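Trainee: Below is the structure I would like to discuss, written out as structure tokens.
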Amino acid sequence: MYSGAAAAAGSPRRDFISVTLGSEEAVGVGGYNNSKAWRRRSCWRKWKQLSRLQRSVILFLFAFLAVCGVISYTSMGETWKSITNKSLDDQRTEKEIPRLKLANPAVLPAPQKADANHGDYPELSLQKPPKPPHVRRGPSNLQIKAPRRDTRLKTRHDTMRAVEGLVEADKVEKTEKSIISWRGAVIEPDQSTEPPSSKITEPEKPSSLEAEDQKEPVPINERQLAVIEAFRHAWKGYKDFAWGHDELKPLSKSYNEWFGLGLTLIDALDTMWILGLKEEFEEARKWVANDLVFDKNVDVNLFESTIRILGGLLSTYHLSGDSLFLEKAKDIGNRLMPAFKTPSKIPYSDVNIGRGTAHPPRWTSDSTVAEVTSIQLEFRELSRLTGDEKFQKAVDEVMKHVHILSGKNDGLVPMFINTNSGQFTHLGVYTLGARADSYYEYLLKQWIQGGKKENELLEDYMRAIEGVKKHLLQRSEPKKLTFVGELAHGHFSAKMDHLVCFLPGTLALGAHNGLAADHMKLAETLIETCYQMYAQAETGLSPEIVHFNLHAQKGHKDVEIKPADRHNLLRPETVESLFYMYRFTGDKKYQDWGWEILQNFNRYTRVPTGGYTSINNVQNPSNPEPRDKMESFFLGETLKYMFLLFSDDMDLINLDKYIFNTEAHPLPIWVPA
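Read in the working numbering, the sequence shown has 208 at position 209, and its numbers run on one by one without any break.
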């Protein structure tokens with residue numbers, strides 16, 4: 000039975016199709032035409048056919064997707080923006096680097112760890128010098144190409160994402176562009192020559208290398224490696240038997256104490272930095288930080304403490320940028336100031352750095368002229384760094400006083416000056432040797448340090464060199480070597496100290512800075528003489544003092560050595576001048592002469608258990624009679640100048656930007672602001 004109710008409940012749903020017929024004007028001629036207007040009306044009808052709920056869900060989904068899109072865009076945008084900016088900055092930096100100028104003294108980058116496989120000294124062939132990379136004579140044609148940097152960069156993760164890889168590669172590239180090896184460093188301080196302002200309270204911080212001077216490092220050659228090995232051998236003896244003390248006694252495996260301030264260690268700090276001996280330097284730095292104490296009841300010599308300790312600390316501060324050394328320099332500088340409390344302002348020779356008192360030697364009230372006029376570079380630089388004018392004022396007063404003193408002989412000064420009266424004493428004796436030598440050296444170097452503006456210094460220097468030419472120059476027989484003698488009360492003496500061999504380098508430095516060309520010619524003749532002082536001795540090492548023959552005698556050399564003068568103290572003066580001569584001429588013979596001297600140091604002064612020793616007799620190769628003492632300047636000066644002499648990098652401690660004090664500690668030249 001099929002009832003109406005049953006039919007309504009159980010019959011299947013019927014679908015209907017609605018067909019709308021319109022005129023041609025409504026649908027367009029020919030039916031569907033896909034016009035924009037037609038599509039908009041069709042979509043709108045479909046949207047209106049949806050229920051309110053359906054339309055709300057769709058709108059919510061669209062809003063949710065929009066919010067997610069904004070968040071994602073912000074996150075990804077920041078990432079790609081940083082990468083893009085980094086790339087743009089790199090391009091901008093590469094364009095701008097050549098125009099950068101830094102105002103502060105540069106800092107040599109940290110030394111690289113020395114290669115442990117250099118080997119021991121016996122493996123080095125010291126008998127046959129390596130062939131020079133260029134011609135043996137004449138100016139060198141230096142190659143600027145350098146070996147790959149010791150810091151070999153390796154990829155840490157092979158599966159780094161692409162963006163991380165780009166960022167890391169960018170960092171590596173920027174590091175290699177902004178940091179170069181210490182061996183290729185060029186240092187260009189840019190400082191004012193005006194007296195430092197007392198308002199300065201913060202010490203000046205050395206800045207990074209001047210970008211325009213950056214270049215790849217010049218490789219260390221075989222001769223420099225021999226110097227590094229010699230230094231390490233000397234340092235081994237000091238570390239094993241004299242650590243923290245003033246001087247090593249290598250034969251007795253003990254030490255000698257002078258001031259009790261670790262003179263050898265402080266003297267050698269900047270040498271280790273220049274040679275790249277990182278481990279040794281860090282070890283020495285720890286001693287300076289933890290054990291170097293100046294608050295002790297001890298008398299120190301003003302001159303020696305200034306050139307070795309103050310100069311060494313200031314130099315190391317400039318090379319490393321480590322403020323520890325500046326703080327120590329300020330400490331010792333302040334403790335030396337009581338020396339200037341004299342009636343004449345000419346300083347006493349000795350200072351008790353613990354008590355704050357000063358006094359002349361027990362036997363006299365005189366100070367030597369060299370001592371009171373060879374502390375200026377260091378105290379002037381200390382004033383510039385600290386802003387405290389008292390240091391420079393004290394030493395400048397000394398120079399101004401000496402400038403107007405009577406008792407000079409055509410610019411040549413006597414050897415002594417009285418601290419009470421301020422007058423020269425022991426008049427009539429003139430020498431460029433002990434007690435007067437560095438007075439002449441510091442006249443020129445102060446003038447250069449101060450930007451070549453202090454004309455009184457230059458005037459005194461030029462007058463003194465003319466006095467040397469007029470009164471002290473003579474020629475020997477038979478080789479007619481030009482030498483610098485001494486004058487005592489009108490009588491010439493053909494005596495020349497090894498100390499005088501600083502003069503060729505100083506003359507060459509002056510000529511390089513625009514002084515008379517004949518100064519360089521004189522330097523060339525005098526360095527030949529200094530070399531002959533070595534070559535004519537049986538061991539190939541110079542005695543402390545020589546006398547030259549003024550008249551030809553059969554069987555006699557130019558150089559005569561007296562028994563009391565035949566010792567060798569491992570002095571640096573000849574090697575120092577060889578360094579200057581090679582830098583300014585490029586003549587390889589100066590390197591060859593220095594190589595001979597190094598070989599002879601190794602042959603006659605090297606102690607097998609560590610260290611080098613002074614010797615008593617340079618005329619006896621079979622028994623040079625070792626003295627059992629290694630002076631601090633052997634590490635601070637002699638080996639440093641050796642290393643620089645053998646370097647093929649003319650910018651390693653650039654002589655247009657650094658001036659060496661008389662203990663071979665480089666200090667920046669003040670460039671006008």
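All residues carry an ideal CB built from backbone N, CA and C; glycine is no exception.
Bear in mind the structure is a predicted one, so any value in this text is a computation, not a measurement.
1) Using a Cβ-Cβ cutoff of less than 7 Å, which residues in the same chain neighbour Asp239 once the five nearest sequence positions on both sides are dropped?
2) Is there contact here, the segment 547-564 with the segment 499-508, by at least three beta-carbon pairs under 8 Å?
3) In three-state DSSP terms, what is Ile416?
4) Could you give the distance in angstroms between the alpha-carbon of Ser319 and the alpha-carbon of Trp272?
5) For the pair the segment 357-372 and the segment 380-391, tell me if three or more CB-CB distances fall below 8 Å.
6) Alpha carbon to alpha carbon, how far is Lys130 from Asn220?
7) Can you tell which of Phe302, Gly68, Trp242, Phe258 has its C-alpha closest to the C-alpha of Ala283?
8) In angstroms, rounded to a whole number, what distance separates the CA positions of Val226 and Ala233?
9) Can at least three beta-carbon pairs, one atom from the segment 299-309 and one from the segment 244-260, be found at a separation below 8 Å?
10) Looking at Ile560: is its Cβ nearer than 9 Å to the Cβ of Val574?
11) Work out the CA separation of Lys277 and Leu411 for me, nearest whole Å.
12) Give the secondary structure of Leu411 by DSSP, where H, G and I count as helix, E and B as strand, and everything else as coil.
13) Since His317 and Leu654 are thought to touch, with beta carbons under 8 Å apart, how far apart are those beta carbons, to the nearest angstrom?
14) May I ask you to verify whether the segment 451-462 touches the segment 420-432, counting CB pairs closer than 8 Å and requiring at least 3?
15) Starting from Ala493 and walking both ways along the beta strand (DSSP E), at which residues does that stretch end?
16) Would you kindly report the start and end of the unbroken alpha helix (DSSP H) that includes Leu443?
17) Determine which residues share a DSSP beta bridge with Ser253 and list them.
18) Around the C-beta of Cys67, are 16 or more other C-beta atoms found within 10 angstroms, so that it is buried, or is it exposed?
19) What do you reckon, are the CB atoms on Thr637 and Pro571 nearer than 9 Å?
20) Rounded to whole angstroms, what is the Cα-Cα separation between Gly353 and Glu377?
21) Are Gln473 and Phe547 closer than 9 Å when you measure CB to CB?
22) Going along the chain, which residues of its own chain have a beta-carbon closer than 6 Å to the beta-carbon of Ile331, five neighbours each way excluded?
23) Pull up the DSSP beta-bridge partners for Ser366, would you.
24) Taking the alpha-carbon of Asp436 as reference, which of Ala62, Asn660, His490 has the nearest alpha-carbon?
25) If I measure Cβ to Cβ from Pro146 and keep anything under 8 Å in the same chain, skipping five residues before and after, which residues do I get?
26) Can you tell which of Lys252, Glu279, Tyr533, Glu246 has its C-alpha closest to the C-alpha of Trp592?
27) Alpha carbon to alpha carbon, what distance is there between Val69 and Val28?
28) Just reading off the alpha helix (DSSP H) that Asp290 is part of, what are its end residues?
29) What would DSSP say about Ile544, mapped onto helix, strand or coil?
30) In three-state terms, what does DSSP make of Asn601?
31) Looking at the structure shown, is Tyr611 part of a helix, part of a strand, or coil, going by DSSP?
32) Using CA coordinates, which residue listed in Leu60, Arg602, Ile447 is at the minimum distance from Ala229?
33) Tell me the rounded alpha-carbon separation between Leu49 and Ser71.
34) Is DSSP giving Ile308 helix, strand or coil here?
Mentor: Short version:
1) Position 240 of the sequence shown, counted from the start, is the residue given in the question as residue 239. Result list for Asp239: Gly609, in chain order.
2) no
3) The residue given as residue 416 occupies position 417 in the sequence shown. In the structure shown, Ile416 sits in a strand (DSSP, three-state: E or B).
4) As a working mapping, residue 319 is identified with position 320 in the sequence shown. As a working mapping, residue 272 is identified with position 273 in the sequence shown. Taking the straight line from one Cα to the other gives about 8 Å.
5) no
6) Stepping through the sequence shown from its first residue, residue 130 is reached at position 131. Stepping through the sequence shown from its first residue, residue 220 is reached at position 221. Only weak support is given to the placement of Lys130: the predicted model assigns it a pLDDT of 39, under 50, and the value that follows is read from those uncertain coordinates. The alpha-carbon atoms of Lys130 and Asn220 are separated by roughly 11 Å.
7) Locating residue 283 in the sequence shown gives position 284, counting from the first residue. Nearest C-alpha to Ala283: Trp242.
8) As a position in the sequence shown, residue 226 is number 227, starting the count at 1. As a position in the sequence shown, residue 233 is number 234, starting the count at 1. Whole-angstrom Cα-Cα distance: 11 Å.
9) yes
10) On the sequence shown, position 561 is the one that residue 560 refers to. On the sequence shown, position 575 is the one that residue 574 refers to. Taking 9 Å as the Cβ cut-off, Ile560 and Val574 do not qualify as a contacting pair.
11) As a working mapping, residue 411 is identified with position 412 in the sequence shown. As a working mapping, residue 277 is identified with position 278 in the sequence shown. For Leu411 and Lys277, the distance between alpha carbons rounds to 44 Å.
12) Residue numbering aside, residue 411 sits at position 412 when the sequence shown is read from its first letter. Strand, per DSSP.
13) In the sequence shown, the residue the question calls residue 317 occupies position 318. In the sequence shown, the residue the question calls residue 654 occupies position 655. Wrong, their Cβ atoms sit about 15 Å apart, outside the cutoff.
14) no
15) As a first step, residue 493 must be located in the sequence shown, where it is residue number 494. Careful: Ala493 lies outside any beta strand (DSSP E) and carries neither H nor E.
16) Start at 1 with the first residue of the sequence shown, and residue 443 comes out as number 444. Start and end: 436-448.
17) Counted from its first residue, the sequence shown places residue 253 at position 254. Answer is Lys248.
18) For the purposes of this step, residue 67 is taken as residue 68 along the sequence shown, with counting starting at 1. Per the 10 Å Cβ criterion, exposed.
19) In the sequence shown, the residue the question calls residue 637 occupies position 638. In the sequence shown, the residue the question calls residue 571 occupies position 572. The answer is yes: Cβ separation under 9 Å.
20) The count along the sequence shown starts at 1 and reaches residue 353 at position 354. The count along the sequence shown starts at 1 and reaches residue 377 at position 378. When rounded, the distance between both Cα atoms is 21 Å.
21) As a working note, residue 473 is residue 474 in the sequence shown. As a working note, residue 547 is residue 548 in the sequence shown. Closer than 9 Å, so yes.
22) Stepping through the sequence shown from its first residue, residue 331 is reached at position 332. Answer for Ile331: Phe293, Ile308, Leu309, listed in chain order.
23) Translated into the one-based positions of the sequence shown, residue 366 becomes position 367. Ile416.
24) Sequence index remark: in the sequence shown, residue 436 carries index 437 (1-based). Comparing Cα positions, the closest option is Asn660.
25) For this step, residue 146 is matched to residue 147 along the sequence shown. At Pro146, the pLDDT of 33 sits below 50, so the modelled position is not reliable and the matter cannot be decided from this model.
26) Your numbering for residue 592 matches position 593 in the sequence shown. Among Lys252, Glu279, Tyr533, Glu246, the Cα nearest to that of Trp592 belongs to Tyr533.
27) The residue you call residue 28 lines up with position 29 of the sequence shown. The residue you call residue 69 lines up with position 70 of the sequence shown. Residue confidence for Val28 is low, a pLDDT of 42 falling below 50, so the modelled location carries little weight; the figure read from the coordinates is stated next. Val28 and Val69: Cα-Cα distance of roughly 45 Å.
28) In the sequence shown, the residue the question calls residue 290 occupies position 291. Unbroken alpha helix (DSSP H) run through Asp290: 277-290.
29) For the purposes of this step, residue 544 is taken as residue 545 along the sequence shown, with counting starting at 1. Reduced to three states, the DSSP call for Ile544 is strand.
30) The residue given as residue 601 occupies position 602 in the sequence shown. Asn601 falls in the helix class under three-state DSSP.
31) In the sequence shown, residue 611 corresponds to position 612, counting from 1. Correct three-state label for Tyr611: strand.
32) Reading the sequence shown from its first residue, position 230 is the one you call residue 229. Of the listed residues, the one whose Cα sits closest to Ala229 is Arg602.
33) By one-based count along the sequence shown, residue 49 stands at place 50. By one-based count along the sequence shown, residue 71 stands at place 72. Answer to the nearest angstrom: the Cα atoms are 31 Å apart.
34) The residue labelled residue 308 in the question sits at position 309 within the sequence shown. Helix at Ile308.
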